[in-house]
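Shown next, in structure tokens, is the structure this report addresses.
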Amino acid sequence: MDRLALLADPAVRSAFGGELGRDIEYHASIASTQDRARELPRAGGARSTIVVADQQTAGHGRGEKSWLSEPGASLLASWTFRPAPAEPALFALLAGVAVARALKTVGVADAGLKWPNDVWLTGGKIAGCLAHGASDHLVLGIGVNVSQRELPREIAATATSLRRAGHDVDRLALLARITGELDALADPASHADALAEWRKRSITLTREVEVSGAGEAPFRGTASGLGDDGALLVETPYGQRRVIAGEVRVLG
Ligand code: BTN
């Protein structure tokens, strides 16, 4: 049974938020939890907050992409961290590890990680992470495809959901587990282990890849490593490249 909508009740929200040490803002429908959370610190929000929604009407993915989700089927949430626990790019990559660890606690053990911030199961992408930094805080957004039976046509070829992969997961439980894992990763001392786990779960490393959108012409090479700052190392005929932004397509 999915219990996310229980958060509409202020008493439940307050008890759940108390357990997680956060303020919880719940929306039945909102344009984007990320946009809303990015407004919060400017609006003077003191405690760390989680903005969570049952539906987004204008969700953002990385770059210029949209994040598509049918009502009631995804975990859609944005967390504020003050101070910022890491550079946005590194924390978003580590957030993929947090999602994989949280999924393991609810019985989904085999999540793979695609550089930079995507969580995959056999069959496609099930989650993505997005971070925005400001001078004194960071906003991290995560979308997880949970109970979709079908994915929108635009992403059907590359995306899947926990349900399609055979898992029945309660979004409220997943929200709590991901929050716990993110909080653990807010400690810089945890980063070395998390990076090692990213490398182990990686579906990008050792593969032939094409890198595009990194501010230069697309290039191909072998993904050979992950730097401690989250950069992807790619071996090309012209030497090693450090990729810190862009899209990576796995070729084979
Ligand atoms: C990506 O893989 O491109 C990142 C996707 C991040 C989507 C989440 S859903 C919750 C939060 N609100 C948004 O508008 N985006 C993030």
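In terms of our numbering, the sequence shown opens at residue -9 and continues consecutively. Don't be surprised by glycine CBs; every beta carbon is placed ideally from N, CA and C.
Exposed or buried, which one is Thr194 when buried takes at least 16 other CB atoms within 10 Å? buried
Which residue comes first and which comes last in the alpha helix (DSSP H) that contains Thr95? 78 to 95
Local Cβ density within 10 Å of Leu241, reported as buried at 16 or more and exposed below that: exposed
Roughly how far, in whole angstroms, is the beta-carbon of Arg72 from the beta-carbon of Ser38, given that I think they are within contact range, below 8 Å? 6 Å
Alpha-carbon spacing of Glu15 relative to Ala21, whole angstroms: 14 Å
Using a Cβ-Cβ cut-off of 6 Å (strictly less than) and excluding sequence neighbours within five positions of Leu(-4), which residues of its own chain qualify? Val2
Helix, strand or coil, according to DSSP, for Leu185 in the structure here? helix
Which residue or residues does DSSP assign as beta-bridge partners of His127? BP columns for His127 are empty, so no partner.
Cβ distance (whole Å) where Ala67 is taken to contact Ile132 below 8 Å: 6 Å
Check whether the Cβ of Asp44 lies closer than 7 Å to any heavy atom of ligand 1, and answer yes or no. no
Which of the three DSSP states, helix, strand or coil, is assigned to Gly51? coil
Minimum length 4: unbroken alpha helix (DSSP H) runs contained in the region 105 to 156: none
If you reduce the DSSP assignment to three classes, tell me which class Gln24 lands in. helix
Hey, is Lys94 close to ligand 1, as in C-beta under 7 Å from one of its heavy atoms? no
Would DSSP call Ile40 helix, strand or coil? strand
Considering Cα atoms alone, identify which of Gln45, Val87, Asp219 is closest to Leu167. According to the sequence provided, residue 167 is Arg. The question's Leu does not apply to it. Answer by Cα proximity: Val87.
Which of the three DSSP states, helix, strand or coil, is assigned to Asp100? coil
Which residue from Ala146, Ala176, Gly123 puts its Cα closest to that of Gln24? Gly123
From Val238 to Tyr228, what distance separates their C-alpha atoms? 18 Å
Determine the closest residue to Pro78 out of Glu225, Arg232, Gly236, Gly220, with distance taken between C-alpha atoms. Gly220
Roughly how far, in whole angstroms, is the beta-carbon of Ala155 from the beta-carbon of Thr196, given that I think they are within contact range, below 8 Å? Not quite, the Cβ-Cβ distance comes to about 24 Å (not below 8 Å), so this is no contact.
Tell me whether Ala67 sits in a helix, a strand or coil according to DSSP, three-state version. strand
In or out: Lys115 buried (at least 16 other Cβ within 10 Å) or exposed? buried
Shorter than 7 Å, the distance from the beta carbon of Ile14 to the closest heavy atom of ligand 1, or not? no
Take Leu223 and list the residues in its own chain whose beta-carbon comes closer than 8 Å to its own, dropping the five residues that flank it on each side. Ala213, Ser214, Gly215, Leu216, Gly217, Gln230, Arg231, Arg232, Val233
Cα-Cα separation between Val89 and Glu29, rounded to whole angstroms: 24 Å
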